[in-house]
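Visitor:
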Amino acid sequence: MENNELLKNVNALIQMHSDGLLGGEIMPEDVLVDVVKENELMDVLTLAMSLNYQRNSYSLWESVVYAYQDPQTKWIFNPILVVNKNTDELREALLLHRVGLQPNRHPEIWQRVAKGIVKSSEQGNVQGLIESVQFDISPLKEIMQVSRKPEFPYLSGPKIFNYWLYVLESYTQVSWRSRELITIAPDTHILKATVKLGLCSEDVLNGGVDDRITVASAWGKALEGSELAPIDVHTPLWLWSRAGFPKISYSTKGPFTA
0 MENNELLKNV NALIQMHSDG LLGGEIMPED VLVDVVKENE LMDVLTLAMS LNYQRNSYSL
60 WESVVYAYQD PQTKWIFNPI LVVNKNTDEL REALLLHRVG LQPNRHPEIW QRVAKGIVKS
120 SEQGNVQGLI ESVQFDISPL KEIMQVSRKP EFPYLSGPKI FNYWLYVLES YTQVSWRSRE
180 LITIAPDTHI LKATVKLGLC SEDVLNGGVD DRITVASAWG KALEGSELAP IDVHTPLWLW
240 SRAGFPKISY STKGPFTA
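Read in numbering that gives the first Met the number 0, the sequence shown has 10 at position 11, and its numbers run on one by one without any break.
1. How many whole angstroms separate the CB atoms of Gln172 and Phe160, which I take to be in contact at a CB cut-off of 8 Å?
2. Who are the Cβ neighbours of Asp135 in its own chain at under 6 Å, not counting the five residues just before and after it?
3. So is Gly156 buried or exposed if we call it buried at 16+ other beta carbons inside 10 Å?
4. Grouping DSSP H, G and I as helix and E and B as strand, with all else coil, what is Arg176?
5. Residues bridged to Asp135 by DSSP?
6. For the alpha helix (DSSP H) containing His80, name the first residue and the last one.
7. Would you kindly report the start and end of the unbroken alpha helix (DSSP H) that includes Lys114?
8. Can you tell me whether Pro262 is buried or exposed, with buried defined as 16 or more other CB within 10 angstroms of its CB?
9. Quick check on the DSSP output: the alpha helix (DSSP H) that includes Ser216 runs from which residue to which?
10. What span of residues does the alpha helix (DSSP H) with Lys7 cover, start to end?
11. Helix, strand or coil for Phe160 per DSSP?
12. Please identify the residue among Arg241, Ala242, Val232 whose C-alpha is closest to the C-alpha of Leu5.
13. Measure the alpha-carbon distance for Ile230 versus Asn77 and round it to whole angstroms.
14. Evaluate the contact criterion for the region 31-41 versus the region 60-69: three or more CB pairs, one atom per stretch, below 8 Å.
15. Drop a sphere of 10 angstroms on the beta-carbon of Gln133, count the other beta-carbons inside from all chains shown, and report buried for 16 or more, exposed for fewer.
16. Flag this pair as yes or no: are the beta carbons of His16 and Leu196 separated by less than 8 Å?
17. Which class does Val145 belong to by DSSP, given the choice of helix, strand or coil?
Put into structure tokens, the structure is as follows:
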């Protein structure tokens with residue numbers, strides 16, 4: 000597909016999303032809005048995102064809301080409290096509202112991520128972690144994906160890491176430095192939409208690590224020179240795939256032109 004045609008389709012999808020034409024415009028994380036306190040939202044989003052792997056995102060975040068609103072389990076979203084709890088207590092709390100589904104693996108991941116957060120600053124929270132790198136994605140990537148990667152299981156992976164950056168930006172008004180480093184988050188829906196648009200072959204639908212890297216790289220190259228960062232197209236593509244790929248409407252008045 001010629002790049003101009005691809006950008007035309009992408010811009011149309013962005014406008015369709017803006018106009019509410021892609022269906023399911025409520026994103027999974029929207030359930031946290033007006034429920035989670037602003038000063039706790041970064042921690043809730045980060046810890047829960049570490050378990051957003053091979054499961055229904057809507058169900059996960061609904062479970063998060065139940066756990067947050069339950070006085071018996073709300074503590075699981077406080078990294079310092081999590082670090083100081085024993086595994087049995089954490090397991091019971093995570094499983095109660097189905098925030099965690101795997102009785103051994105999920106508590107281990109949750110506590111490791113909490114320890115990584117607490118270790119990163121005197122504040123012992125995600126705000127402190129981000130402030131320690133001065134809101135710059137470049138050193139944050141080096142910490143979480145290279146030098147201290149084992150401390151951030153799942154969250155350090157290319158799919159979840161980049162989507163986490165995007166979610167923090169969208170829901171907590173974080174203003175990132177080096178924002179261009181946020182690649183598209185290549186989950187199953189993004190892989191399918193990428194193939195549907197002709198940017199990559201069907202081979203990437205296998206969904207392996209290399210396939211996801213290929214897709215993220217392809218979007219980075221395709222959007223070079225445009226006003227769009229790769230992560231800007233994530234939600235429209237995700238919803239387009241989830242809706243079963245409705246016909247792209249070109250009768251749009253989007254701010255971006257091919």
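Glycine included, every Cβ here is placed at the ideal spot set by N, Cα and C. None of the values given here were measured: they were computed from a predicted structure.
Guide: Working from what's here:
1. Locating residue 172 in the sequence shown gives position 173, where the first residue counts as 1. Locating residue 160 in the sequence shown gives position 161, where the first residue counts as 1. Incorrect: roughly 20 Å between the Cβ atoms, too far for contact.
2. Taking the sequence shown and counting its residues from 1, the one referred to as residue 135 is at position 136. Only Arg176, Ser177 meet the Cβ criterion.
3. Here residue 156 refers to the residue found at position 157 when the sequence shown is read from its first residue. Classification for Gly156: buried.
4. Start at 1 with the first residue of the sequence shown, and residue 176 comes out as number 177. Looking at Arg176 - three-state DSSP - the assignment turns out to be strand.
5. For the purposes of this step, residue 135 is identified with residue 136 of the sequence shown, where counting begins at 1. Paired residue(s): Arg176.
6. By 1-based counting over the sequence shown, the position of residue 80 is 81. The sequence given here has Leu at residue 80, not His. That run of the alpha helix (DSSP H) goes 78-82.
7. In the sequence shown, counting from the first residue as 1, residue 114 sits at position 115. Note, Lys114: alpha helix (DSSP H), 104-118.
8. Nothing in the structure corresponds to residue 262, since the chain is present only between 0 and 257.
9. Working through the sequence shown from its first residue, we reach residue 216 at position 217. Ser216 -> alpha helix (DSSP H) spans 208-221.
10. Sequence index remark: in the sequence shown, residue 7 carries index 8 (1-based). Looking at the DSSP string, the run of the alpha helix (DSSP H) that includes Lys7 is 2-17.
11. To locate residue 160, count along the sequence shown from 1; it is residue 161. The answer is helix: DSSP assigns Phe160 an H, G or I state.
12. The residue given as residue 5 occupies position 6 in the sequence shown. Taking only the C-alpha atoms, the option nearest Leu5 is Val232.
13. The count along the sequence shown starts at 1 and reaches residue 230 at position 231. The count along the sequence shown starts at 1 and reaches residue 77 at position 78. Cα to Cα, the separation comes out at about 28 Å.
14. yes
15. Working through the sequence shown from its first residue, we reach residue 133 at position 134. By the neighbour-count rule (16 or more Cβ atoms within 10 Å), Gln133 is not buried but exposed.
16. Along the sequence shown, one-based indexing puts residue 16 at 17. Along the sequence shown, one-based indexing puts residue 196 at 197. Not a contact, by the Cβ cut-off of 8 Å.
17. In the sequence shown, residue 145 corresponds to position 146, counting from 1. Helix at Val145.
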